[in-house]
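As you go down the protein sequences, you meet chains G and P in turn.
If you're matching positions, the first sequence starts at 1 in my numbering and goes up one per residue.
If you're matching positions, the second sequence starts at 1001 in my numbering and goes up one per residue.
Glycine included, each C-beta is placed from N, C-alpha and C at the ideal position.
Number of protein chains: 2
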Amino acid sequence: MSTIEEKIKKELIQRFGDAYKAFGLSKLMGHIIALLLFSPEPLSLDEITKQLGRSKGPISQIVRRLRDKHLIRKAWMPNDNRKDYYEVEPEIFEHAFRNNLELIKNNTRIAKQLKEKIKSSKSENLKPISQRMIEMEKFYLLMEDYYNDFLLSWAKERSKLFS
Amino acid sequence: MSTIEEKIKKELIQRFGDAYKAFGLSKLMGHIIALLLFSPEPLSLDEITKQLGRSKGPISQIVRRLRDKHLIRKAWMPNDNRKDYYEVEPEIFEHAFRNNLELIKNNTRIAKQLKEKIKSSKSENLKPISQRMIEMEKFYLLMEDYYNDFLLSWAKERSKLFS
DNA sequence: TTTATCGTTTGAAATATTTCAAACGAAGAT
DNA sequence: ATCTTCGTTTGAAATATTTCAAACGATAAA
């Protein structure tokens, strides 16, 4: 690999690590995603391990979590029946977005549940916070709408991109 | 405070702590926000300290960060010139959302910058990742649009709510 | 069947983060 | 002017998280 390519790879790994951390995820997650994005071919656990200079333990665990989040998937490799090979999901950004949507839905849930509990408590003192919970629920419900609209819109945009 | 009110306060604090952590922020941040949301009156640092059972150090630091993020603000208290009193920003949810928008913008920036670097490297090997960066930039640019539309829409919805 | 290699699990070590207690400077109260 | 009390800062202690190395079970290769 040329020096310039090497440099770009390093920067990609670095920036994705920071970005993932900023979203409250493991930095190593970002590193693995970046590495797989960069690689034209799927990579085995050993290759990821070697390229990132980490040991097998954490790589194995984080790869599982990335799979659970639908950000990467196993790739079938005809030449090698032993190792598992991984690649990024084709719709990785959409999946990342959907994971975020789950957090939003959780906020909606919190607001709704607290709102109900306050209501059934019939306490006058809780009037202000009740008002806040109503506002919060409305906010995140509207947000869910926009998230869903975005997904529809992106599906169109993306299909244009790949035609 | 009645038992039921106490219980609701505790639950609010608990859930907000978890939610903040899920977004990659400090759990204590969520606790303070919940406490201030719950309280009809602004609270002093000492009161926050006492109610959350923590010492002054971390409370002071986190309160500063919350202020930087525009999630809380100082409230003027005519009876007490000594202490600082805090309350949640009236538009706290919108501000939290804007903080998130900054993360999105950062993702757009990453994609754009890497895209440019790959382009100027003129490397054929980097074609696939270049394609990915183009897709990524489009994705997050579209997302920015939706975020901005949402803000406009929420402004309307909120003004309806408070009329 | 035996051997070798894979991915996972696990307990310990290293690291990062959170929390506290004490010290400090600033500013209102006396 | 002196005394309190406030919020902040800071270094150490406690806690949480990340990371590693070794052991293990499973499965392909010999």
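Asked                                                                                                                                                                                                 : Found
Do you know offhand how far R82 of chain G's Cα is from K74 of chain G's?                                                                                                                             : 13 Å
Taking the alpha carbon of E87 of chain G as the reference point, which residue from G:A96, G:L71, G:F97 and G:D80 has its own alpha carbon closest?                                                  : G:L71
Return yes when at least one heavy atom of the ligand HEM lies under 7 Å from the C-beta of V63 of chain G, else no.                                                                                  : What this structure holds is no ligand at all, so the ligand HEM is not there to describe.
Determine whether the Cβ of R15 of chain G lies closer than 8 Å to any Cβ atom of chain P.                                                                                                            : yes
Could you check whether the Cβ of S1026 of chain P sits closer than 8 Å to any Cβ belonging to chain G?                                                                                               : no
Got a sec: is the Cβ-Cβ distance from S163 of chain G to anything in chain P below 8 Å?                                                                                                               : no
Tell me the DSSP secondary structure of E102 of chain G in three-state form.                                                                                                                          : helix
Does the beta carbon of E1005 of chain P sit closer than 8 Å to a beta carbon anywhere in chain G?                                                                                                    : yes
Could you say if the stretch 1-17 of chain G and the stretch 1100-1119 of chain P meet the contact criterion of at least three C-beta pairs nearer than 8 Å?                                          : yes
At a CB-CB cut-off below 8 Å, which residues of chain G make contact with L1126 of chain P?                                                                                                           : E5 and I8
Could you have a look at L1043 of chain P and say whether DSSP puts it in helix, strand or coil?                                                                                                      : strand
Measure the CB-CB distance between I62 of chain G and L101 of chain G and report whether it falls below 8 Å.                                                                                          : no
Can you grab the Cα-Cα spacing for the pair S159 of chain G / L1141 of chain P, in whole Å?                                                                                                           : 16 Å
Suppose you measure from the CA of S120 of chain G to the CA of L126 of chain G; what does that come to, to the nearest Å?                                                                            : 11 Å
Going along chain G in order, which residues have a C-beta closer than 8 Å to the C-beta of N1107 of chain P?                                                                                         : A19
Terminal residues of the continuous beta strand (DSSP E) containing E87 of chain G?                                                                                                                   : Y85 to V88
When you compare only the Cα positions, how much space is there between E1006 of chain P and S130 of chain G?                                                                                         : 15 Å
Expressed to the nearest angstrom, what Euclidean distance is found between the alpha-carbon atoms of P1090 of chain P and K105 of chain G?                                                           : 22 Å
Helix, strand or coil: how does DSSP classify K74 of chain G here?                                                                                                                                    : strand
For E1157 of chain P versus K138 of chain G, is the C-beta distance shorter than 8 Å?                                                                                                                 : yes
Which residues of the stretch 1040-1056 of chain P have a Cβ closer than 9 Å to any Cβ of chain G? Give them in chain order.                                                                          : P1040
Using the beta-carbon count (16 or more within 10 Å), is F23 of chain G buried or exposed?                                                                                                            : buried
Answer yes or no: does any C-beta atom of chain P fall closer than 8 Å to that of S123 of chain G?                                                                                                    : yes
Could you check the C-alpha separation between Y59 of chain G and L25 of chain G for me, to the nearest Å?                                                                                            : The displayed chain sequence assigns Ile, not Tyr, to residue 59 of chain G. Looking at the two C-alpha atoms, the distance is approximately 14 Å.
Could you tell me the alpha carbon to alpha carbon distance between L1151 of chain P and R1098 of chain P, rounded to whole angstroms?                                                                : 9 Å
Can you name, in chain order, every residue of its own chain whose Cβ lies under 8 Å from the Cβ of A1019 of chain P, other than the five neighbours on each side?                                    : G1030
Hey, would you say P1042 of chain P sits closer than 8 Å to M1077 of chain P, going by beta carbons?                                                                                                  : yes
If we ignore side chains and look at the alpha-carbon of each, how far apart do L1004 of chain P and K117 of chain G end up?                                                                          : Here the sequence assigns Ile to residue 1004 of chain P, which means Leu is not the residue at that position. Between I1004 of chain P and K117 of chain G, the C-alpha separation is close to 9 Å.
For the stretch 91-120 of chain G, list every residue whose C-beta sits within 7 Å of some C-beta in chain P, in sequence order.                                                                      : F93, L103, N106, N107, I110, L114, K117 and I118
Identify, in the order they occur along the chain, each residue of the same chain with its Cβ nearer than 7 Å to the Cβ of K1009 of chain P, setting aside the five sequence neighbours on each side. : F1038
Please return the same chain residues whose Cβ sits closer than 6 Å to the Cβ of M1133 of chain P, not counting the five positions on each side in sequence.                                          : A1111, L1114 and K1115
DSSP three-state label for E5 of chain G, please.                                                                                                                                                     : helix
Run through DSSP, which three-state label would K1069 of chain P get?                                                                                                                                 : coil
According to DSSP, simplified to helix, strand and coil, what is N1081 of chain P?                                                                                                                    : coil
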